[in-house]
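Undergrad: In this note's numbering, the protein residues as written are 52 to 433. This structure is in structure tokens; I'll ask about it shortly.
If you want it as structure tokens, here you go:
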């Protein structure tokens with residue numbers, strides 16, 4: 052005589068539907084996990100998931116998981132399925148880049164406990180700022196394995212986001228090529244000019260994506276030298292002025308003239324200031340937008356403060372801002388700008404934070420130490 056679990060469900064741990072749950076009722080029959088809206092009962096909008104990826108069926112008091120010859124395989128606790136396997140409370144199911152947690156209120160059975168050695172048992176701990184953290188007890192090797200699994204999940208999610216971005220760019224490039232081909236066949240140079248504009252814009256986006264990826268992945272220490280921060284900011288303001296002028300955005304500069312030279316990497320810090328200013332210009336409303344950049348020396352904390360403020364609509368989800376490949380600009384953004392800025396600031400032993408008020412604007416504040424280790428070059432800016 053078996054006992055039917057009174058409650059069982061799947062909860063999505065990664066992906067766009069994170070925290071969504073699917074109820075499992077033994078009376079409803081087998082359930083298919085997949086991407087097909089016609090055939091799947093639990094639909095996962097993940098391109099790495101097959102249309103019919105895996106099946107859950109209830110037999111002898113347990114839910115059984117089996118792979119449906121999916122392209123990328125079905126994984127149970129990071130082990131690829133080769134045959135149907137019964138599920139137990141807190142099991143992790145991975146389909147493509149999406150991870151689901153199987154939960155039931157049934158107590159652990161001896162067979163479940165015996166699946167893991169005493170020094171390899173794991174417990175799932177959830178953090179709102181993270182996708183999932185698996186903490187292992189009693190074994191250093193198990194802890195390292197859990198951390199590695201977490202990194203793999205994050206890498207898979209990042210790869211999926213990146214592939215979406217590149218796919219969109221390539222589709223637009225293909226459209227531009229088709230327009231050019233048709234224009235040349237018809238000797239329509241006006242249409243060819245439009246096609247060339249489409250190609251040029253998207254080649255620029257692709258170039259920026261590649262350069263941003265190189266900046267984000269390079270792991271070199273800053274080349275510190277004494278720098279006149281105010282002069283650096285004036286240079287960047289002059290560079291971005293055409294973008295502000297194009298959108299009729301007013302650029303205000305308020306510099307602390309008592310600020311002396313500060314040790315930093317001028318080239319990399321220029322990237323930070325450029326990124327923050329361009330983001331502010333794009334966020335500010337056209338015609339009546341206002342962007343202000345200020346510098347300040349905090350004598351008490353021995354820090355340099357650089358603030359960039361805009362009067363845009365504000366930001367709803369500030370927790371995601373500095374995550375790689377997260378963008379609020381749709382197809383026009385690479386999602387790496389702020390991640391790069393944070394990395395550069397961290398390499399300078401500094402911090403970057405954001406304050407925002409919906410409907411009123413946003414302030415980014417960079418804090419940098421006024422002194423660095425003695426490796427700083429004494430060479431001043433010219």
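From the three backbone atoms N, C-alpha and C, an ideal C-beta is built for every residue, glycine too.
Return yes when the Cβ of residue 327 is within less than 9 Å of the Cβ of residue 344, no when it is not.
TA: The residue you call residue 344 lines up with position 293 of the chain shown. The residue you call residue 327 lines up with position 276 of the chain shown. Against a cut-off of 9 Å, the Cβ pair of residue 327 and residue 344 comes out as a contact.
Undergrad: By the 10 Å Cβ neighbour count, where 16 or more other Cβ atoms means buried, how is residue 110 classified, buried or exposed?
TA: In the chain shown, the residue the question calls residue 110 occupies position 59. When all chains shown are included, residue 110 counts as exposed.
Undergrad: Using a Cβ-Cβ cutoff of less than 8 Å, which residues in the same chain neighbour residue 450 once the five nearest sequence positions on both sides are dropped?
TA: Examination of residue 450 is not possible in this model, given that the chain is present from 52 through 433 alone.
Undergrad: Tell me which residues share the same chain as residue 118 and place their Cβ nearer than 7 Å to its Cβ, disregarding the 5 neighbours each side in the sequence.
TA: Along the chain shown, read from residue 1 onward, the residue named residue 118 stands at position 67. Within the same chain, residue 118 has close Cβ partners 105, 124, 125 and 132.
Undergrad: Would you mind reading off the limits of the beta strand (DSSP E) that contains residue 349?
TA: For this step, residue 349 is matched to residue 298 along the chain shown. Its beta strand (DSSP E) spans residues 340–349.
Undergrad: Under the assumption that residue 361 contacts residue 331 (Cβ atoms under 8 Å), give the Cβ distance between them as a whole number of angstroms.
TA: As a position in the chain shown, residue 361 is number 310, starting the count at 1. As a position in the chain shown, residue 331 is number 280, starting the count at 1. With 8 Å as the limit, residue 361 and residue 331 qualify as a contact, their Cβ atoms being about 4 Å apart.
Undergrad: Short check: CB of residue 63 to CB of residue 155, under 9 Å?
TA: Walking along the chain shown from the start, residue 63 turns up at place 12. Walking along the chain shown from the start, residue 155 turns up at place 104. Cβ atoms of residue 63 and residue 155: not closer than 9 Å.
Undergrad: Relative to the alpha-carbon of residue 307, which residue among 280, 319 and 321 has its alpha-carbon at the smallest distance?
TA: The residue you call residue 307 lines up with position 256 of the chain shown. The shortest Cα separation from residue 307 among 280, 319 and 321 belongs to 280.
Undergrad: Could you check what DSSP says for residue 100 in three-state terms: helix, strand or coil?
TA: As a first step, residue 100 must be located in the chain shown, where it is residue number 49. Residue 100 falls in the coil class under three-state DSSP.
Undergrad: With 16 other CB atoms within 10 Å as the buried threshold, where does residue 82 fall?
TA: As a working mapping, residue 82 is identified with position 31 in the chain shown. When all chains shown are included, residue 82 counts as buried.
Undergrad: If you count every other CB in all the chains shown that lies within 10 Å of the CB of residue 387, and 16 or more means buried, which is it?
TA: Within the chain shown, residue 387 is the residue found at index 336, counting from 1. Classification for residue 387: buried.
Undergrad: Which word fits residue 402, buried or exposed, when buried means at least 16 other C-beta atoms lie within 10 angstroms of its C-beta?
TA: The count along the chain shown starts at 1 and reaches residue 402 at position 351. Exposed, because fewer than 16 other Cβ atoms sit within 10 Å of the Cβ of residue 402.
Undergrad: Which residues in the same chain as residue 412 place their Cβ atom closer than 7 Å to its Cβ, once the five residues preceding and following it in sequence are excluded?
TA: Here residue 412 refers to the residue found at position 361 of the chain shown. Only 360, 361, 362, 363 and 365 meet the Cβ criterion.
Undergrad: For residue 295, which residues from the same chain have a beta carbon less than 6 Å from its beta carbon, with the 5 sequence-adjacent residues on both sides left out?
TA: As a first step, residue 295 is located in the chain shown; it is residue number 244 there, counting from the start. If we look at residue 295 and ignore the five residues flanking it on each side, its Cβ neighbours are 302 and 332.
Undergrad: What is the rounded straight-line gap between the Cα of residue 128 and the Cα of residue 248?
TA: Looking up residue 128 in the chain shown gives position 77. Looking up residue 248 in the chain shown gives position 197. Between residue 128 and residue 248, the C-alpha separation is close to 49 Å.
Undergrad: In the DSSP assignment, find the alpha helix (DSSP H) that holds residue 71 and state where it starts and stops.
TA: In the chain shown, counting from the first residue as 1, residue 71 sits at position 20. Premise fails: residue 71 is in no alpha helix (DSSP H) and is neither H nor E.
Undergrad: Let me confirm a value: residue 419 is counted as buried when at least 16 other C-beta atoms fall within 10 Å, else exposed. Which label applies?
TA: Here residue 419 corresponds to residue number 368 of the chain shown, with the count starting at 1. Burial call: buried.
Undergrad: Using CA coordinates, which residue listed in 99, 84 and 61 is at the minimum distance from residue 140?
TA: The residue labelled residue 140 in the question sits at position 89 within the chain shown. Measuring from the Cα of residue 140, the nearest candidate turns out to be 61.
Undergrad: Taking residue 420 as part of the beta strand (DSSP E), name the residues at either end of that continuous run.
TA: What you label residue 420 is simply residue 369 of the chain shown in a count that begins at 1. Its beta strand (DSSP E) spans residues 412–420.
Undergrad: Between the Cα of residue 134 and the Cα atoms of 116, 153, 145 and 369, which residue gives the shortest distance?
TA: The sequence position of residue 134 within the chain shown is 83, counting from 1. Out of 116, 153, 145 and 369, 116 has the C-alpha closest to the C-alpha of residue 134.
Undergrad: Relative to the C-alpha of residue 120, which candidate in 84, 96, 153 and 152 has its C-alpha closest?
TA: Counted from its first residue, the chain shown places residue 120 at position 69. Nearest option by C-alpha distance: 84.
Undergrad: Rounding to the nearest angstrom, what Cα-Cα distance links residue 290 and residue 107 in this structure?
TA: The residue labelled residue 290 in the question sits at position 239 within the chain shown. The residue labelled residue 107 in the question sits at position 56 within the chain shown. Distance between the alpha carbons of residue 290 and residue 107: 58 Å.
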